[in-house]
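Have a look at the structure below before the remarks.
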Amino acid sequence: MLRYLLLAVLGLTLVGCSNLTPKPDQPTDHSALTWQTHEQSVRPISQWNLSGKLGLRSPAQSGSALLTWYQDQQYFDIRLNGPLGQGATRLSGQPGRVRLDISSKGSFVAESAETLMQQELGWSLPVEFLLSWAKGLPVPKLAAHTEFDEFARLSRLQQAGWNIHYLDYESEAQGALPTRMKVSGHNLQLTLVIKEWNAQSAL
């Protein structure tokens, strides 16, 4: 009788253990599939117009500016208007040839957007990485630490010495794009608030 009682207790214990919810750092197959679905719907986006506001803080300066950003494949046209942009500032071009126009200083051309920004603005961002980060995705083929929200979208990303915190998205739907994010690293803190997204996938 005691033997049967012990077997029954052991059986109930095993059933209870099988119903335990997996730990957050051990995503289920379902959540992994949901992230894959989200990524597949966002990754192909290669053309967009967005508008919003950019806030920046560095050891040398701090301020904010209105932002418009046009992207078409590798070509970008980013415009800042306000104190942070020293009036009207435009960064445009593609990898290998970038132009920076500053209303108060003139026009400058270089191969690297980061180098050009650092020289003329006193701060810089990894523009090529932002093409992925702005969509809520890690840069492909580059080591990254990721955390996800309850809808299987990025909530935090650490990559290339930068920390990206995604605070809000357009909606709770799969394929929703970020509307508020913070980027920090390399003695720089950036807040990006996107008020309007107009995005298209590659044909």
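Counting from 1, position 66 in the sequence shown corresponds to residue 66 in UniProt numbering; the numbering is continuous, with no gaps. Built from N, CA and C at the ideal position, the CB exists for glycine as well.
On the three-pair Cβ rule with 8 Å, is the stretch 54-65 touching the stretch 164-174? Short answer: they don't touch.
Using C-beta distances below 6 Å, list every residue in its chain close to G93, excluding the 5 sequence neighbours before and after it, in chain order. Only residues of its own chain outside the window of five on either side were considered, and among them R99 have a CB closer than 6 Å to the CB of G93, listed in chain order.
Where S155 sits in the DSSP three-state scheme: In this structure, DSSP gives S155 an extended state, which the three-state scheme calls strand.
Which runs of the alpha helix (DSSP H) at least 4 residues long sit entirely within the stretch 62-147? Give them in chain order. Within the stretch 62-147, the complete alpha helix (DSSP H) runs of at least 4 residues fall at 113-121 and 127-133.
Going by beta carbon distance, what residues of the same chain come within less than 8 Å of P24, once the five residues before and after it are set aside? Caution applies to P24, whose pLDDT of 34 falls short of 50 and renders its modelled position unreliable; the value that the coordinates give is listed next. Around P24, the same chain offers no residue with a beta carbon nearer than 8 Å, after the five sequence neighbours per side are excluded.
Rounding to the nearest angstrom, what Cα-Cα distance links V109 and T34 in this structure? The C-alpha of V109 lies about 43 Å from the C-alpha of T34.
Taking Cβ positions, are G136 and L154 nearer each other than 8 Å? It is a contact, given that the beta carbons lie within the stated cut-off.
List the DSSP bridge partners of D168. According to DSSP, D168 bridges with R180.
Assuming contact is defined by CB atoms lying nearer than 8 Å, are H38 and G161 in contact in what I supplied? No, Cβ-Cβ distance for H38 and G161 is not below 8 Å.
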